[in-house]
Every structure is written in C-alpha cells, then in structure tokens.
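Asks: Residue numbers (our numbering): 3 to 264. No residue lacks a Cβ here, since even glycine has one placed at the ideal position from N, Cα and C. Following this message is one structure expressed as structure tokens.
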C-alpha cells in the first residue's frame, strides 16, 4: 500500500492544536512537508518544532485568521511562490458556538457562513492550479457527524457543516478527472478543546457538573470512550495518500460507530 507522501506539500488548517495538530504530525511522519495554519503564532511554532522531520522536509506555518481573506490569501500565495504547489489540503476550521438554532441571530449564521465557505473557496482557488499541474490533489474537509444527523444544541454548526458538505460533494465530481479527490472526514466526540467547550456548555445548561455530563456522554458511545486526535488523523492521512486515489466524494465518520445512520 502506497502511503508515501515524500515530496508533497500539505496545508493543515486549525493546525495549532487538537485535530489539526494531530493531522499535521501524521502527514509529516509520512514524508510530507507541512504548513500549519491558525491564529496563535506561539502555538503554531511549537507544533512545527515537534513535527517529524527527515532530510529535505522544511515545515512552516501561516499565522492568519480564516475570516481575514486578504491577509490569508497574501500569506498563502507567498508560500506557493516560494515553495511550489501544495497538493494536500486539510481544511479544518473551528466550529460555531453551541446553542439551539431557533435562538441564534441571523448575524451568527452570516458570520459562521463567511468564516467557512467563502474562506474555503478562496483557498481552493489558490491551490487548484498547482494541484492540476501536478495531477495530484487531496482536499480533506474536517466537518462533523452532524452532516449525517444534526446534533442537539449545535444549530448554527449543523447548518454550516451541511453547506460545506454539499460544496465538497459538488467539487468532488468537478475535479476528479484532474486527479484531485475531495472528501469529508467527520469527527465524533474526540478529546479536544472543542469537546471541553461542549461539555462546559451542556453542564451549565443542565445545572450539573462537567464530570456528570461527561459520564452521560460516554454511556451513549458504543466504545464507551472518546476518540484521541491521532485516531482521527490516521483516517485523514490515508485519504491524503496515493493509496486513496479512488476514494472520492465521501463523508467518513470517525466516531467509533456513534452515528445512528449509515
């Protein structure tokens, strides 16, 4: 099985922690030169310093907010000009704040949409020429299992993730003939800062402790445990590899079987 990413360059969003940092590490371990993208420069530098590095690998980072399209586009274009095409893109952006859909303001939906879809489209259009030139592209969107079954109290997120999933599916059909695959990976409950945020929100809403809410959530999982970020990153790294060349346009849950739909 060909999992070798030597000579390929990867861009990993949300790369300063959690799922993004885990994906960056795994891609680097398979030989890719990795650029991590996030807003916290100190954390980005720490992640880059810890990435596996073989001869010829020169990892780096872009400190930018995905909502600031002019700055992000300028920084990314500079990386393309100086280092060549980026053919692996892990499109990972933090999710909207939790809460019921009917209580969210129109501005919350507008902000979440602008943060995710227009920003993704801008990055896509910068990366596509290089992917076409190389005849190789892997676009992997980190979304949510809410794409398959909406999650209670994630009203804005449910709507935005669904929009992103349909954007990705459309692209998968448009770009496949150029050797570019587009897939969505759907994390379940994974030990990240996002899970801590959800636990705290549910505990406050229910007037209970975080520990009690955590135990309730664990009992709903077939595995009776949360995932670790590296387990999610394994799936992303496979989809980024040459071995996954005929896997295209899918929603892949990495949730231990928790999603109740096929």
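#1: Indicate whether residue 187 and residue 125 have their beta-carbon atoms separated by less than 7 Å.
#2: Just reading off the alpha helix (DSSP H) that residue 173 is part of, what are its end residues?
#3: What are the start and end residues of the beta strand (DSSP E) that includes residue 20?
#4: By Cβ distance below 6 Å, which residues in the same chain neighbour residue 12 in space, the five residues on each side in sequence not counted?
#5: Assuming contact is defined by CB atoms lying nearer than 7 Å, are residue 94 and residue 16 in contact in what I supplied?
#6: If we ignore side chains and look at the alpha-carbon of each, how far apart do residue 6 and residue 212 end up?
#7: Does the pairing of the segment 143–163 with the segment 100–108 give three or more beta-carbon distances under 8 Å?
#8: Which term fits residue 263, buried or exposed, when burial requires 16 or more other beta carbons within 10 angstroms of its beta carbon?
#9: So for residue 69, helix, strand or coil by DSSP?
#10: For residue 82, which residues of its own chain have a beta-carbon under 7 Å away from its beta-carbon, when the five flanking residues on both sides are left out?
#11: Exposed or buried, residue 255, counting other C-beta atoms within 10 Å across all chains shown (16 or more means buried)?
#12: Write down the C-beta distance between residue 265 and residue 235 rounded to the nearest angstrom, noting that I regard them as a contact closer than 8 Å.
#13: Go ahead and label residue 220 buried or exposed: buried means 16 or more other beta carbons lie within 10 angstroms of its beta carbon, across all protein chains shown.
#14: State yes or no: is the C-beta of residue 38 nearer than 6 Å to some heavy atom of the ligand COA?
#15: Please say whether residue 225 and residue 251 have beta carbons closer to each other than 7 Å?
#16: Specify the secondary structure class of residue 299 as computed by DSSP and reduced to three states.
#17: Counting pairs of beta carbons, one from the segment 54–73 and one from the segment 36–45, are three or more of them closer than 8 Å?
#18: On the criterion of 16 or more Cβ atoms from any shown chain inside 10 Å, does residue 148 qualify as buried, or is it exposed?
#19: Report, in whole angstroms, the separation of the C-beta atoms of residue 174 and residue 32, which I expect to be a contact under 8 Å.
#20: Does the distance from the CB of residue 119 to the CB of residue 165 come in under 7 Å?
#21: Given a cut-off of 7 Å on the beta-carbon distance, is the pair residue 68 and residue 121 in contact?
#22: With a Cβ-Cβ cutoff of 7 Å, do residue 45 and residue 75 count as a contact?
#23: Looking only at DSSP bridge pairs, what is residue 41 linked to?
#24: Where residue 92 and residue 142 are concerned, what is the direct C-alpha to C-alpha distance, given to the nearest angstrom?
#25: Report all residues from its chain with a CB closer than 8 Å to the CB of residue 202; omit the five preceding and five following residues, and keep chain order.
#26: Kindly list the residues whose CB is nearer than 6 Å to the CB of residue 98, restricted to its own chain and excluding five residues on each side of it in sequence; keep chain order.
Replies: Inspection of the coordinates gives the following:
#1: Position 185 of the chain shown holds residue 187. Position 123 of the chain shown holds residue 125. Result no, Cβ atoms of residue 187 and residue 125 do not sit closer than 7 Å.
#2: As a position in the chain shown, residue 173 is number 171, starting the count at 1. It spans 157–177 - the alpha helix (DSSP H) in which residue 173 sits, taken as one unbroken run.
#3: For the purposes of this step, residue 20 is identified with residue 18 of the chain shown, where counting begins at 1. No beta strand (DSSP E) contains residue 20, which is instead part of the alpha helix (DSSP H) from 20–31.
#4: In the chain shown, counting from the first residue as 1, residue 12 sits at position 10. 29, 34, 36, 90.
#5: On the chain shown, residue 94 is found 92 positions in, with the first residue counted as 1. On the chain shown, residue 16 is found 14 positions in, with the first residue counted as 1. In contact: residue 94 and residue 16 (Cβ atoms closer than 7 Å).
#6: Translated into positions along the chain shown, residue 6 becomes position 4. Translated into positions along the chain shown, residue 212 becomes position 210. So the alpha carbons of these two residues sit roughly 42 Å apart.
#7: yes
#8: For the purposes of this step, residue 263 is taken as residue 261 along the chain shown, with counting starting at 1. That one is exposed.
#9: Looking up residue 69 in the chain shown gives position 67. Reduced to three states, the DSSP call for residue 69 is coil.
#10: Residue numbering aside, residue 82 sits at position 80 when the chain shown is read from its first letter. Excluding sequence neighbours, residue 82 sits near 88, 128, 132.
#11: Indexing the chain shown from 1 puts residue 255 at position 253. Answer is buried; the Cβ neighbour count reaches 16.
#12: Because the chain in this structure spans residues 3 to 264, residue 265 falls outside the shown range and cannot be described.
#13: By 1-based counting over the chain shown, the position of residue 220 is 218. By the 10 Å Cβ count, residue 220 comes out exposed.
#14: The ligand COA is not part of the structure shown, which contains no ligands of any sort.
#15: Locating residue 251 in the chain shown gives position 249, where the first residue counts as 1. Locating residue 225 in the chain shown gives position 223, where the first residue counts as 1. Contact: no.
#16: Absent from the structure is residue 299, since the part of the chain shown begins at 3 and ends at 264.
#17: yes
#18: Your numbering for residue 148 matches position 146 in the chain shown. The residue is buried, with at least 16 neighbouring Cβ atoms inside 10 Å.
#19: Here the question's residue 174 lines up with position 172 in the chain shown. Here the question's residue 32 lines up with position 30 in the chain shown. Actually they do not touch by this definition, with Cβ atoms about 22 Å apart.
#20: On the chain shown, position 117 is the one that residue 119 refers to. On the chain shown, position 163 is the one that residue 165 refers to. Yes. Within cutoff.
#21: Counting from one through the chain shown, the residue named residue 68 turns up at place 66. Counting from one through the chain shown, the residue named residue 121 turns up at place 119. It is a contact, given that the beta carbons lie within the stated cut-off.
#22: On the chain shown, residue 45 is found 43 positions in, with the first residue counted as 1. On the chain shown, residue 75 is found 73 positions in, with the first residue counted as 1. Taking 7 Å as the Cβ cut-off, residue 45 and residue 75 do not qualify as a contacting pair.
#23: Residue 41 sits at position 39 when you count from the first residue of the chain shown. Answer is none; residue 41 lacks a bridge partner.
#24: By one-based count along the chain shown, residue 92 stands at place 90. By one-based count along the chain shown, residue 142 stands at place 140. About 5 Å.
#25: Counting from 1 along the chain shown, the entry for residue 202 is found at position 200. Cβ within range, chain order: 212.
#26: By one-based count along the chain shown, residue 98 stands at place 96. Contacts found: 114, 158, 159.
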